[in-house]
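When we follow my numbering, the leftmost residue of the sequence shown carries the number 929, and every step to the right adds one. For every residue, glycine included, the Cβ atom is placed at its ideal position computed from N, Cα and C. All values derive from a computational prediction rather than experimental measurement. This report refers to the structure that appears directly beneath it.
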Amino acid sequence: MRAAASPYNSEGPREARPQLVDPRLAALPAVPWIPPVLRRVWRDVGILQIGIDGDRAIVLGGITPERYRLINSINGRRSSAQLIAQGPWLGLTADDIVAVLRQLHASGVLVDLGAVPAETDSGWHPENDRGLLPDLAARLLSPASGTPQQVAAARAHSQVLIHGGRRVGSVIAGALAAAGLGRINVVERAPVDASDVTGGGFGLDDVGADHSDALARLVKRVSDSASTARLSPLESPDLLILTETWPGPDERERSLQRSGTPYLCATVRERRAVIGPFVVPGESSCLQCQHLSRRDRDPQWPAIYGQLRMQPHRPEDAGESALALLAGSLASIQALQWFDGERLPETINTTLEIGLPDLVLTRRFWPRHPLCTCQRA
């Protein structure tokens, strides 16, 4: 019988041949992508501008036809190593390609996809999902925690519960579903009223329907992946959004504080859109803090608030359609910033308020109150 060949020779085990890594790749994105939302325009011969917004637009000089072909090939489907390797086809040296990549990277216009789509199991690429592409392409112009795929996955695994649908709540549900949120629920006992109908939210065909059924139709219109399945008693949302006109300190908020569930308020009061506060239990001010601060300024506030809470919702409380759209849109942006880890929402310890007809944005600060029990959370 023939003996199997041994992996060892008389001098001991064979050493693996070390793989050579181009040291120039260390400071470059693994798989660079220029988001297509950044327009490219010529300012002059050989002078290319990428991006139009003055806060992030860059101007590159010395752009030859060869370098322009290179820039056009930075589409997230080739790694930096592959781009360098195609130098002979582009008519560029490896050093030329590295110089362009470094300049683009230093200017902040490159996004790292992390892996070449053809070399991954899913073949995922932002441009493959045209519905989500506008959100991701624009979102990734700001510093992101992770790759575009990680941002999309974080959204897809997020759960939002909206208390009080109405106009503002339905706008938020539609915006978050279109942005790739994975699961959206609404809690509202009353059926959809004609006063709840608004652009981007509930439609005329939803009037009279249960809020949950209307929400499911709304979400399905803008997303083929978002779920509206109810949360089980053992599940908690990643974010609760309160759209009642006067949400306040009650057992619901105390329960949220105990569970550590973050929550955001968004509503319309008369002719004013009010977004916030965004409450991170144990770390930021809460609705009870706001209530105590109002009481400090106005001793009659507890009596006034009690009356406001007892009054039923009326059709005229839904707010003007355009103002409800504004409130819902700003609240959705706050929620997405939280899920993406882009930055802390502006409404932590703060309300953003925009009134008509002047459209002046007011930031109202609500500090943690020394007498509030959340200080001990």
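Residue j beta carbon less than 8 Å from that of residue i
i, j, result
"Arg-1292", "Thr-1279", "yes"
"Ser-1123", "Ala-1263", "no"
"Ala-1201", "Ile-1100", "no"
"Pro-1209", "Cys-1302", "yes"
"Asn-1113", "Leu-1064", "no"
"Val-1037", "Gly-982", "no"
"Ile-1169", "Val-1088", "yes"
"Gly-1136", "Arg-1095", "no"
"Leu-1060", "Ser-1008", "no"
"Leu-1192", "Ala-1259", "yes"
"Leu-998", "Leu-988", "no"
"Ala-1103", "Gly-1256", "yes"
"Leu-1069", "Arg-984", "yes"
"Val-1079", "Trp-961", "no"
"Ser-1183", "Asn-1277", "no"
"Val-959", "Gly-1015", "no"
"Ala-1034", "Val-965", "no"
"Gln-1307", "Trp-1294", "Because the chain is modelled from 929 through 1305, residue 1307 falls outside the range shown and cannot be assessed."
"Leu-1254", "Ile-1232", "no"
"Ser-1140", "Ser-1164", "no"
"Arg-1149", "Asp-1134", "no"
Cβ-Cβ separation, residue j to residue i (assumed contact under 8 Å), whole Å
i, j, result
"Pro-1175", "Leu-1215", "6 Å"
"His-1091", "Thr-1171", "7 Å"
"Leu-1220", "Leu-1299", "6 Å"
"Thr-1156", "Phe-1206", "Not a contact, Cβ separation roughly 23 Å."
"Thr-1126", "Ser-1151", "The Cβ separation is near 19 Å, so there is no contact."
"Leu-1041", "Pro-1076", "6 Å"
"Leu-1272", "Leu-1251", "Contact doesn't hold; Cβ gap of about 26 Å is too wide."
"Pro-1105", "Ala-1154", "Correcting the residue identity first, residue 1105 is Ala in this sequence and not Pro. Sure, about 4 Å apart at Cβ, within 8 Å."
"Gly-1019", "Ile-991", "About 13 Å; that fails the 8 Å criterion."
"Thr-1173", "Arg-1197", "6 Å"
"Ser-1086", "Asp-1166", "5 Å"
Extent of the continuous alpha helix (DSSP H) to which residue i belongs
i, result
"Ala-1082", "1076-1084"
"Leu-1215", "1215-1225"
"Ala-1066", "1061-1067"
"Arg-1182", "1179-1187"
Residue range of the beta strand (DSSP E) that includes residue i
i, result
"Glu-1281", "1278-1283"
"Ala-1201", "1200-1207"
"His-1139", "Note, His-1139: premise wrong, no beta strand (DSSP E); alpha helix (DSSP H) at 1139-1150."
"Arg-914", "Nothing in the structure corresponds to residue 914, since the chain is present only between 929 and 1305."
"Gln-1303", "Segment: none, Gln-1303 is in no beta strand (DSSP E) and carries neither H nor E."
"Ala-1246", "Note, Ala-1246: premise wrong, no beta strand (DSSP E); not H, not E."
"Ala-1194", "1191-1197"
"His-1091", "1087-1091"
"Thr-1290", "1289-1293"
"Leu-1170", "1167-1170"
Item to check | Cβ pair count under 8 Å reaching 3, the stretch 1098-1111 against the stretch 1255-1269 | outcome: Three or more pairs of CB atoms, one per stretch, sit closer than 8 Å, so the stretch 1098-1111 contacts the stretch 1255-1269.
Checklist entry - Quick one: complete beta strand (DSSP E) runs, 3+ long, within the stretch 1099-1135? => result The qualifying runs are 1111-1115.
Checklist entry - Does the count of Cβ pairs from the stretch 1024-1038 and the stretch 1119-1133 closer than 8 Å reach three? => result The stretch 1024-1038, when compared against the stretch 1119-1133, does not touch it at the 8 Å Cβ threshold.
Checklist entry - What residue ranges within the stretch 955-1040 form continuous alpha helix (DSSP H) runs of no fewer than 4 residues, ordered along the chain? => result The alpha helix (DSSP H) runs lying completely inside the stretch 955-1040 and spanning 4 residues or more are 993-1000, 1008-1013, 1015-1018 and 1022-1035, given in chain order.
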